[in-house]
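All remarks here apply to the structure that follows.
Protein chains: 2
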Amino acid sequence: MSTPTLRDVAEAAGVHAATASRALNPETRRLVNSDTARRVIKAAEALGYQPNPIARSLKTSKSGTIGLVLPDLTNPLFPPIVRGIEDVLGPAGFSALIVNTDNDPAREQQQVMTLRSRQVEGLIVATARLEHPLLQQLHEQGVRMVLVNRRTDDLDVPSITPDDARGVELAVEHLVKLGHTRIAHLAGPQSTSTGVVRARAFHSALRGHGLDDDPALLVTCDYWSEEEGARALRQVLDGGAEFTAVVAGNDLIALGCYDVFAERGIDCPGEVSVVGFNDMPFLDKLRPPLTTVAVPHHQIGVEAGRMLLESIHEPDRSPRSVFLPLSLVVRGSTAAAPASRA
Amino acid sequence: MSTPTLRDVAEAAGVHAATASRALNPETRRLVNSDTARRVIKAAEALGYQPNPIARSLKTSKSGTIGLVLPDLTNPLFPPIVRGIEDVLGPAGFSALIVNTDNDPAREQQQVMTLRSRQVEGLIVATARLEHPLLQQLHEQGVRMVLVNRRTDDLDVPSITPDDARGVELAVEHLVKLGHTRIAHLAGPQSTSTGVVRARAFHSALRGHGLDDDPALLVTCDYWSEEEGARALRQVLDGGAEFTAVVAGNDLIALGCYDVFAERGIDCPGEVSVVGFNDMPFLDKLRPPLTTVAVPHHQIGVEAGRMLLESIHEPDRSPRSVFLPLSLVVRGSTAAAPASRA
DNA sequence: TTGTAGGCGTTATCAA
DNA sequence: TTGATAACGCCTACAA
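So, in structure tokens, the structure goes:
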């Protein structure tokens, strides 16, 4: 015999299915005589009754699932965020459906369609670009969502991001204390809030320390990747401007620098110091171990999960945005500036 | 107005809902006049009709979801497998629900319950232990599943694993060619097929090359972790037996060796060579870059997805197991054996 | 080839 | 407090 249904339980308890439903659902249990309730619950246990969430969904039009839109799960940034989200969602009875967009808007659109057709009750989105028509449109359609890591311009949607500006300040401060005065920035894509905010914070940090802000020391990467990081560093190097330190847009870009160091025989941190951003796993095993800004990824997930649950349960709350505090992890890729050759 | 239903489409096309259903479903389209079909399809497009998979599930008792049981998504091994699975499942109309067990059997049981209550149509399981009562029980209950990475004893369930034995052979062969004769193995947990198979293959490879198989050169790790790897290597070192190379159970264990090298001032590969297993990302950025056995993780996912689909669509096929070929990636952590000090 | 009717398992509404 | 009834959106015998 197959799995017992509510009817079976009701029958076993000698009540109507509707009553059994009420007794089994904590929300409505108070509507039923506590003796009957007990009886129903006991019957349910005896039969090993498991409610069928699909039938429930059909009736309530609540799927108990949310969608998680990532660029690429393979980026070590995301798994801890996913775990954080699930740690909050699971106990609340929700499951996450994960999709990867590979930064392809067409694919993203298609994947979001899939999620919506599966009736997700909300979206956690890690792929936001500053201009993002799809998100705009979803928002207008009243789709509940929370942005993580990145934000979108002019869109009143809650977001959970690291305090990127503060992270860059920490990095610059650290380098300045080590005596660096000529610092380059390999910025991330300027289509993302992360890329823009970090670059802007970099400039203002330089000015804050009274350093000059040489345009030759800023290169923008088209992707958050090693290849782009390498390309960007080569470009600075080939430009001929002097510098003794690099603030990389993120760890992958910093790893690209390592490739160029090897390629050109540059000593890090002897000749050039590097700071990354994110604190990916295993960075301490590199040579030199990478100094970087640690982002509380798990926490980002937790907060995002909470915020989405909140907006599901209290749809009228006005959206808040959260900036999570960051810390600098000093390792071996940064050292005192070499004696000035000027 | 909310999302259009099948009825709306039918009405728009001037047919009955049943006809619309038949027209929209490729399986049954041939039952309907091709003109009517065209009309229905056009109406569906005009309205932006999306079938409600929940309603469909309730009727067909097919959820279109499968469960993916992982120890921990945060282990870089798994994301590529997940992507591989989704690459196959997505186009087939399935979505994956991912759960993490943290290697805790109680948590695993609870998570699997959740998955089953969500009516997943099958399970892909990466947490198999050799003795695994839960899997045994699920199998007896007729739950469709595919094992990845690891297998289970005495259970007639399809599995997709790397050809672990061959991988170890490749590693040992490589070391022998470099002149190593005293080789240690830091084995993974012997509760997993992976740990056992690799250890067994290690012994037989040594014998195959006529080397002696000193028990002092084998230590078993309780977990696949850096900490355990470090502990195991210290144990070999402290045992005093001579050796010039290590075959680590996996990359994390190898990373633990790096910690011990740093701690004790041992030169790798000058004094000791190390080979890992898995080829995690960024291993080429370590110092020295880690020589390791590359496992086709994405492909494992693809094959697992395919096999699960197969067993869903043709339940009577007898289970097959697949061993995927491996290759050795030679990097900087292995070098010629130092001149014998004997 | 198309329509009718019934039901998948649950919950919401109404009446008793 | 409980029961009867209908409905969520879809699919599928069966009948026409």
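Line by line, the protein sequences are chains G and W. Its first residue numbered 1, the first sequence is counted upward by one per residue in UniProt numbering. Its first residue numbered 1, the second sequence is counted upward by one per residue in UniProt numbering. Think of the CB as a built atom: it goes at the ideal place given N, C-alpha and C, for glycine as much as any other residue. Keep in mind that this is a model prediction, so the values were computed, not measured.
Report the option in the options whose CA atom is closest to the CA atom of residue i.
| i | options | result |
| --- | --- | --- |
| Gly67 (chain G) | G:Met145, G:Pro76, G:Thr181 and G:Arg38 | G:Met145 |
| residue 343 (chain W) | G:Glu27, G:Met113 and G:Ser204 | Nothing in the structure corresponds to residue 343 (chain W), since chain W is present only between 1 and 342. |
| Pro133 (chain W) | W:Val148, W:Ala23, W:Leu155 and W:Val168 | W:Leu155 |
| Ser327 (chain W) | W:Ala43, W:Pro315, W:Ser204 and W:Glu169 | W:Glu169 |
| Arg320 (chain G) | G:Leu73, G:Thr334, G:Ala92 and G:Thr161 | G:Thr161 |
| Asp164 (chain W) | W:Pro325, W:Val15, W:Arg331 and W:Val330 | W:Pro325 |
| Asn250 (chain G) | G:Lys42, G:Ala128 and G:Thr194 | G:Thr194 |
| Gln235 (chain G) | G:Met307, G:Val247 and G:Cys221 | G:Cys221 |
| Pro288 (chain W) | W:Ala304, W:Asn278, W:Asp267 and W:Phe78 | W:Asp267 |
| Asp87 (chain G) | G:Ala304, G:Val322 and G:Glu314 | G:Ala304 |
| Pro158 (chain W) | W:Ala339, W:Gly122, W:Ala184 and W:Pro189 | W:Gly122 |
For a contact defined as C-beta to C-beta under 8 Å, what are the partners of residue i on chain G?
| i | result |
| --- | --- |
| Leu123 (chain W) | The contacting residues do not exist; Leu123 (chain W) stays about 14 Å from chain G at best. |
| Ser63 (chain W) | Ile54 |
| Phe277 (chain W) | By Cβ distance, chain G contributes nothing, its closest Cβ being about 16 Å from Phe277 (chain W), past 8 Å. |
Taking 7 Å as the threshold (beta carbon to beta carbon), is residue i in contact with chain W?
| i | result |
| --- | --- |
| Leu186 (chain G) | no |
| residue 430 (chain G) | Outside the shown range of chain G, which is 1 to 342, sits residue 430 (chain G), and nothing can be said about it. |
| Thr74 (chain G) | yes |
| Ser21 (chain G) | no |
| Gln50 (chain G) | yes |
| Leu97 (chain G) | yes |
| Pro79 (chain G) | yes |
| Pro4 (chain G) | no |
| Ala10 (chain G) | no |
Which chain G residues sit within Cβ distance under 7 Å of residue i?
| i | result |
| --- | --- |
| Leu130 (chain W) | Neighbours of Leu130 (chain W) on chain G: none; closest Cβ ~27 Å, over 7 Å. |
| Gly137 (chain W) | Checking the sequence, you will find Gln at residue 137 (chain W) rather than Gly. Result: empty, since nearest Cβ-Cβ is about 14 Å, beyond 7 Å. |
| Tyr258 (chain W) | Lys285 |
| Ser318 (chain W) | Neighbours of Ser318 (chain W) on chain G: none; closest Cβ ~25 Å, over 7 Å. |
| Pro53 (chain W) | Ser117 and Arg118 |
Using beta carbons (cut-off 7 Å, strictly below), is residue i in contact with chain G?
| i | result |
| --- | --- |
| Ala342 (chain W) | The predicted model places Ala342 (chain W) with a pLDDT of 37, which falls under 50 and marks its position as unreliable; any figure quoted below should be read in that light. No, Ala342 (chain W) lies away from the interface with chain G (no Cβ there is under 7 Å from its Cβ). |
| Met1 (chain W) | Low confidence applies here, because Met1 (chain W) scores a pLDDT of 49, under 50, leaving its location unreliable; read the following figure in that light. By this cut-off, Met1 (chain W) is not an interface position. |
| Ile300 (chain W) | no |
| Ser57 (chain W) | yes |
| Leu255 (chain W) | yes |
Under 8 Å Cβ-Cβ, which residues of chain W neighbour residue i?
| i | result |
| --- | --- |
| Ala100 (chain G) | Residue 100 (chain G) is actually Asn in this sequence, not Ala. Residues of chain W passing the Cβ test: Arg83 and Glu86. |
| Phe261 (chain G) | None at all; the shortest Cβ gap to chain W is about 11 Å. |
| Phe243 (chain G) | Simply none; closest approach about 22 Å. |
For the beta strand (DSSP E) that residue i lies in, which residues bound it at each end?
| i | result |
| --- | --- |
| Phe323 (chain G) | Ser321 to Leu324 |
| Leu70 (chain W) | Thr65 to Leu70 |
| Val246 (chain W) | Ala245 to Ala248 |
| Ala294 (chain W) | Thr291 to Ala294 |
| Ser327 (chain W) | Ser327 to Val329 |
Could you spell out the range, first to last residue, of the alpha helix (DSSP H) harbouring residue i?
| i | result |
| --- | --- |
| Gly305 (chain G) | His297 to His313 |
| Ser225 (chain W) | Per DSSP, Ser225 (chain W) belongs to no alpha helix (DSSP H) and is neither H nor E. |
| Arg317 (chain G) | Neither: Arg317 (chain G) is in no alpha helix (DSSP H) and is coded neither H nor E. |
| Glu11 (chain W) | Leu6 to Ala13 |
| Gly195 (chain W) | Ser193 to Gly208 |
What in chain W is Cβ-close to residue i, meaning under 7 Å?
| i | result |
| --- | --- |
| Phe323 (chain G) | Going along chain W, no residue has its Cβ under 7 Å from Phe323 (chain G), so there is no contact; the nearest lies around 24 Å. |
Would you say the beta carbon of residue i comes nearer than 6 Å to a heavy atom of the ligand GDP?
| i | result |
| --- | --- |
| Ala304 (chain W) | Summarising the ligand content, the structure contains no ligands, and the ligand GDP is consequently not present. |
Could you name the residues of chain W that residue i contacts, counting a contact when the two beta carbons are closer than 9 Å?
| i | result |
| --- | --- |
| Phe94 (chain G) | Going along chain W, no residue has its Cβ under 9 Å from Phe94 (chain G), so there is no contact; the nearest lies around 10 Å. |
Note down, in chain order, every chain G residue with its Cβ under 9 Å from the Cβ of residue i.
| i | result |
| --- | --- |
| Phe202 (chain W) | The contacting residues do not exist; Phe202 (chain W) stays about 24 Å from chain G at best. |
Query raised in the report: Fully enclosed by the segment 112-184 of chain G, which alpha helix (DSSP H) runs are 4 residues long or longer?
Result: 133-140 and 164-177
Requested in this report: Starting from the N-terminal side, write out each stretch of the beta strand (DSSP E) that is 3 residues or longer and does not extend beyond the segment 254-283 of chain W.
Outcome: As far as the segment 254-283 of chain W is concerned, its whole beta strand (DSSP E) runs of at least 3 residues are 273-278.
Query raised in the report: Counting only runs that start and end within the segment 42-100 of chain G, where is the alpha helix (DSSP H) found for 4 or more residues in a row?
Result: Counting whole runs of 4 or more residues, the segment 42-100 of chain G contains the alpha helix (DSSP H) stretches 53-60 and 78-89.
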